[in-house]
Amino acid sequence: MNITELSTNDNAIRIHIKGRGIDGIAKVGIRAHTVKADSYWDGDKRVEQPALTTARLTLSFAPDELTVNGKKYDNYEHAAFEPARLACWHEEIRDMLTDTGMQRIGYRATMSYTHLTDSARDKVKQAVILAADKYLTIEAAKDALVADALDDVDTATKKRVEAEREETAARERLAAMRAL
1 MNITELSTND NAIRIHIKGR GIDGIAKVGI RAHTVKADSY WDGDKRVEQP ALTTARLTLS
61 FAPDELTVNG KKYDNYEHAA FEPARLACWH EEIRDMLTDT GMQRIGYRAT MSYTHLTDSA
121 RDKVKQAVIL AADKYLTIEA AKDALVADAL DDVDTATKKR VEAEREETAA RERLAAMRAL
């Protein structure tokens, strides 16, 4: 299976995937993904695992841009290379940048349960792993984590501005009530 980069305009990477039984054009997305906090029992002791945020790769195929085993698929198809805890089911272990530094993270290829056959789903999952080998780098993870943090700052700023607006309106109402 081969991956050829087609374009990287608008911060979106589009690739052509061609291999035995698969031919498609996909958009590569790398975003921050949070693995939820978890706890488990180890004998008589409870072990807490904090949440962690790291990068997740997604391949998105537009309608009519994916052909597997001779069948062209006319719906959007999405596949991902998702992080998971090492204690969970995973296919591959990678050293990856997280919000707390470098960690060993388990990853697995997943795909939505659409009308693809099991064989087609397996081929797309192989393509996701190949794309992850090429595009899911430490630098890409850092970019995703920074973008996620910038989004948090933007959200907090919007909430603060709205809270200030509400406080001003409440103070004006209070002044109006006192003036009665």
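As numbered in our numbering, residues 1 to 180 make up the sequence shown, in order. Glycine included, each C-beta is placed from N, C-alpha and C at the ideal position. Only a predicted model underlies this, so the values are computations on that prediction, with no experimental measurement involved.
Rounded to the nearest angstrom, what separates residue 23 and residue 107 at their Cα positions? 24 Å
The beta strand (DSSP E) that contains residue 178, what's its start and end? Not the beta strand (DSSP E): residue 178 falls in the alpha helix (DSSP H), residues 138-178.
| In whole angstroms, what separates the C-alpha of residue 127 from that of residue 41? | 37 Å
### For residue 158 and residue 65, the rounded distance between their alpha carbons
38 Å
- Query: Nearest to residue 76 by alpha carbon, out of 156, 136, 168, 114?
  - Reply: The shortest C-alpha separation from residue 76 is found at 114.
Q: Leaving aside the five residues before and after residue 173 along the sequence, list all residues of the same chain whose C-beta is less than 7 Å from its C-beta, in chain order.
A: none
**Prompt:** When burial is assigned at 16 or more other CB atoms within 10 Å of the CB, is residue 131 buried or exposed?
**Reply:** buried
- Query: To which residues of the same chain is residue 50 closer than 7 Å at the C-beta, ignoring the five residues directly before and after it?
  - Reply: 37
> Under the three-state reduction of DSSP, which class applies to residue 135: helix, strand or coil?
Replying inline: helix
Original post:
What's the C-alpha gap between residue 72 and residue 136?
Top reply: 27 Å
6 Å CB neighbourhood of residue 110 in its chain, flanking five on each side removed:
In chain order, 80, 82 place their CB closer than 6 Å to the CB of residue 110, counting only its own chain and leaving out the 5 sequence neighbours on each side.
Inset, instruction - Enumerate, from N- to C-terminal direction, the unbroken beta strand (DSSP E) stretches of 3 or more residues contained entirely within the region 41-99. - result: If we require 3 residues or more, the beta strand (DSSP E) runs fully inside the region 41-99 come out as 45-49, 52-68, 71-73, 77-84, 92-98.
Discussion item. Check this for me: beta carbons of residue 21 and residue 123, under 8 Å apart or not?
Written reply: yes
What residue from 171, 97, 125, 117 has the CA that sits closest to residue 143's CA?
97
### Message
Here's the rule I'm using: 16 or more other beta-carbon atoms within 10 Å means buried, otherwise exposed. How should residue 45 be labelled?
### Response
exposed
Euclidean distance between Cα positions of residue 181 and residue 55: The shown model of the chain, from 1 to 180, leaves out residue 181, and the question about it has no answer.
Requested in this report: Determine the direct distance from the alpha carbon of residue 176 to that of residue 163, and round the result to whole angstroms.
Outcome: 20 Å
**Report entry** residue 58 versus residue 148 - alpha carbon distance
**Finding:** A direct Cα-to-Cα measurement between residue 58 and residue 148 gives close to 16 Å.
Can you give me the C-alpha to C-alpha distance between residue 19 and residue 25, rounded to a whole angstrom? 12 Å
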